[in-house]
Amino acid sequence: MLLTRIKGPRDLDGLGQEELNQLAAEIRSFLVDAVSKTGGHLGPNLGVVELTIALHRVFESPKDKVLFDTGHQAYVHKLLTGRQDFSDLRSKGGLSGYPSRAESEHDVIENSHASTVLGWADGFAKANEVLGREDHHVAAVIGDGALTGGMAWEALNNIAAAKDRPLVIVVNDNERSYGPTIGGLANHLATLRTTDGYERFLARGKDLLERTPVVGKPLYETLHGAKKGLKDFIAPQGMFEDLGLKYIGPIDGHDIEALESALTRAKRFSGPVIVHCLTQKGRGYTPALEHEADRFHAVGVIHPDTGLPVKTAAASWTSVFADEMVELGHEREDIVGITAAMLHPVGLHKFAEAFPNRIYDVGIAEQHGATSAAGLASGGVHPVFAVYATFLNRAFDQVLMDVALHKCGVTFVLDRAGVTGDDGASHNGMWDMSILQVVPGLRLAAPRDAEQLRAQLREAVAVKDAPTVVRYSKGVVGPAVPAVGRIGGMDVLRAPGAEVTRPDVLLVSVGALAPMCLEIADLLDKQGISTTVVDPRWVKPVDEAMAPLAERHRVVVTVEDNGRTGGVGAAVAQALRDAGVDLPLRDFGIPQRFLDHALRKEIMAEIGLTAPDIARQVTGLVAKLDGRFENEPAATVD
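As structure tokens, this is what we get:
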């Protein structure tokens, strides 16, 4: 096999066109076989095989910087840079699903949020200029989907301002992000795809005109120097050229020879160049090509021959939300949905099918989505903006200054909150409850099960004068966790017997960690420690009944699937201080560090967010209150 002989990019240099095509076929076969066993981003990588080969033949990584946005299409890049063991892809100790500087000198950036690569590329190109590195080049690969993000256009505006600063921008145009790309840019690129190019028009006419006596050559030169009007008539690439960017394309993104020719010309140019490549997401794998929703953008473990999942998926948090949104849509004509290029992943596809005139896909533009939602709310409707928890980070200013300041009734639904695991540091939704704590008037719900998700979503969309947030985990929704009582707005999940006049521990359980908190209470009970477990349901603002309830206990413990700094535990501690309740409090959550990719349960164990770990620490705390010496070992918790 050719692939096994590729230990680094320069091993590509001696291959002829026939061997390169064979290598491309081997890579696709490898990807289908490997990713079907582990899960991962399959469709995007099948689409960039030839493009990645051409990039590494033309550019000299790592001296030249080859950058990927978002990075989920970097599997081929990994293979060509010596990483061909995919057996533990996205698992603890195995290859990351994104570029990783810890893995290779060829991985320059780890940006697994979209639309950022052009900003990085601009910075690298400026550094080359400042340091006089004329033999260093920068090539940034960005998809047409990522080009819907505002950051990309902010970068383009800066890149185009330097006419003599070399930088190659490769637009990987497959008409998709997760699903089909939408918006004005998508329409423009579609026109470029389907219009016979200006340069090809000139090439066909050149021979004829140059054979025409007297007027032939001057006429050709006139056409070659034609301004925007003629060029846009033949190939409407004026949008890029108006920005000051040289445009090459469209190029067949699966023709290695054509790609190398275009990239070589772009590399030699003394300013910024866009190379527009047409690729096919999922290329070479029929099940992916037939999957219209996202062309196997990301898959779990599948049968390689059929593309069907190996295991039948149980009901997920996302599916519960998806069904409840449809119910709400039937009940209320004023409810609309917003997604940032992730209609299916966040579960708004069913709402879109039922109410096609009440769904808005803003592209990879969370900032715009949040402000547009404020406008919708001010206009008399109630928008529900569903987005991954980690991606709401990008729209914080808009949530604060547009939605909250204007007291707009907008509901943000945060999917994949907490530790998500295998996608690594950028995808853990561990920041939202800390960031949102500072937003005046905002109300934040963390449902513990499917029933509470449905109930709290309804409570959220009933609020008309403030932003509301409903956040939940990734994956399968757990069993129902019934309440045994209610105090204020909080559900009591477990209460000590009537004979206990002052329980030892008030355990505040946040969201989907309720089953674990009940397990903690069971372990504490075995040590003779009495525990009340409450689910606040709405964790912001802190319920007024929290302080009086806490005062009837000896210790307060909070457990949340969020960063400890500024999270729910910090908010509860502040509420107790404000109420003059002086009690020991321990907050358990995610440490403020970037977490490596691994299974969720492995990460939870690593950071000590498990029932035995927490019960052991709480037992030690109660032992101190009972007057034991600090160095006396606490009772063992099995």
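Everything in the sequence shown is counted per our numbering, starting at 26 for the first residue and increasing by one. Note that CB positions come from ideal geometry on N, CA and C, so glycine has one too.
Spell out the partners DSSP gives residue i in its beta bridges.
i: Met458; result: Paired residues: none, contrary to the question.
i: Cys302; result: Asn197, Ile276
i: Val501; result: Ser341
i: Lys565; result: Leu469
i: Pro297; result: Leu192
i: Arg496; result: Leu439
i: Thr4; result: As shown, the chain starts at 26 and ends at 663. That puts residue 4 outside it, with no answer to give.
I'd like the span of the beta strand (DSSP E) that includes residue i, first residue to last.
i: Thr331; result: Where Thr331 is concerned, there is no enclosing beta strand (DSSP E), given that its DSSP letter is neither H nor E.
i: Pro192; result: Correcting the residue identity first, residue 192 is Leu in this sequence and not Pro. It spans 192-198 - the beta strand (DSSP E) in which Leu192 sits, taken as one unbroken run.
i: Arg611; result: 610-615
i: Asp386; result: 384-386
i: Met515; result: 515-519
i: Tyr413; result: 407-413
i: Asp586; result: 580-588
i: Leu56; result: Leu56 -> not in any beta strand (DSSP E); alpha helix (DSSP H) instead, spanning 42-63.
i: Val438; result: 436-440
i: Arg511; result: 510-512
On the CB-based measure, 16 or more other CB atoms within 10 Å of its CB, does residue i come out buried or exposed?
i: Phe111; result: buried
i: Gly354; result: buried
i: Thr445; result: buried
i: Arg126; result: exposed
i: Val298; result: buried
i: Thr493; result: buried
i: Thr29; result: exposed
i: Lys252; result: Since pLDDT at Lys252 reaches only 39, below the 50 mark, its modelled position is unreliable, and no value is offered.
i: Thr95; result: buried
i: Arg618; result: exposed
i: Arg496; result: buried
i: Pro507; result: exposed
i: Leu156; result: exposed
So, with DSSP's three-state summary, where would you put residue i?
i: Asn153; result: helix
i: Thr77; result: helix
i: Asp94; result: strand
i: Ser359; result: What sits at residue 359 in the sequence shown is Asp, not Ser. In this structure, Asp359 counts as coil in the three-state DSSP scheme.
i: Thr14; result: Outside the shown range of the chain (26 to 663) lies residue 14, about which nothing can therefore be said.
i: Thr364; result: strand
i: Ala187; result: coil
i: Ala164; result: strand
i: Val428; result: helix
i: Val647; result: helix
i: Val326; result: coil
i: Gly394; result: helix
i: Glu655; result: Low per-residue confidence applies at Glu655: pLDDT is 44, beneath 50, and the placement is therefore not dependable, though the value from the model is reported in the following sentence. Three-state result, Glu655: coil.
i: Tyr310; result: coil
i: Ile545; result: helix
i: Asp621; result: coil
i: Met26; result: coil
i: Arg158; result: coil
What is the residue span of the alpha helix (DSSP H) that residue i lies within?
i: Ala572; result: 571-576
i: Ser534; result: Run containing Ser534: none in the alpha helix (DSSP H); it sits in the beta strand (DSSP E), 530-534.
i: Tyr272; result: Tyr272 -> not in any alpha helix (DSSP H); beta strand (DSSP E) instead, spanning 271-277.
i: Arg290; result: 281-293
i: Gly68; result: 68-71
i: Ile628; result: 625-631
i: Pro683; result: Outside the shown range of the chain (26 to 663) lies residue 683, about which nothing can therefore be said.
i: Ala475; result: 475-486
i: His374; result: 374-379
i: Asp603; result: 593-603
i: His102; result: 100-105
Could you pull out every residue in the same chain whose Cβ sits closer than 7 Å to the Cβ of residue i, ignoring the five residues on either side in sequence?
i: Val83; result: Glu285, Leu288, Thr289, Lys292
i: Ala520; result: Val509, Gly510, Thr557
i: Pro34; result: His81, Ser86, Leu105, Thr106
i: Ile184; result: Leu143, Asp147, Leu192, Pro297
i: Thr247; result: Residue confidence is low: Thr247 scores 46 on pLDDT, short of 50, so the model does not pin down where it sits. Its coordinate-derived value is still stated next. There are no such residues.
i: Glu128; result: Arg108, Leu120, Ser121
i: Pro465; result: Ala429
i: Lys32; result: Gly107
Using beta carbons (cut-off 9 Å, strictly below), is residue i in contact with chain D?
i: Pro573; result: Going by chain labels, chain D is absent from the structure shown, which holds only one protein chain.
Leaving out five residues on either side along the sequence, give the residues of the same chain with a beta carbon under 8 Å from the beta carbon of residue i.
i: Ile554; result: Asp529, Val530, Val643, Thr644, Val647
i: Asn197; result: Gly72, Val73, Leu76, Gln98, Val166, Ile167, Gly168, Asp169, Gly278, Cys302, Thr304
i: Gly250; result: In this predicted model, Gly250 has a pLDDT of only 44, less than 50, meaning its place in the structure is not dependable; the value taken from the coordinates is given anyway. Within the same chain, Gly250 has no close Cβ partners at all.
i: Lys188; result: Gly269, Gly296, Pro297
Within a Cβ cutoff of 6 Å, which residues of the same chain sit near residue i, ignoring the five residues on either side of it in sequence?
i: Ile194; result: Ala165, Ile299
i: Ala596; result: Gln462, Val567
i: Asp612; result: Thr583, Arg589, Gly594
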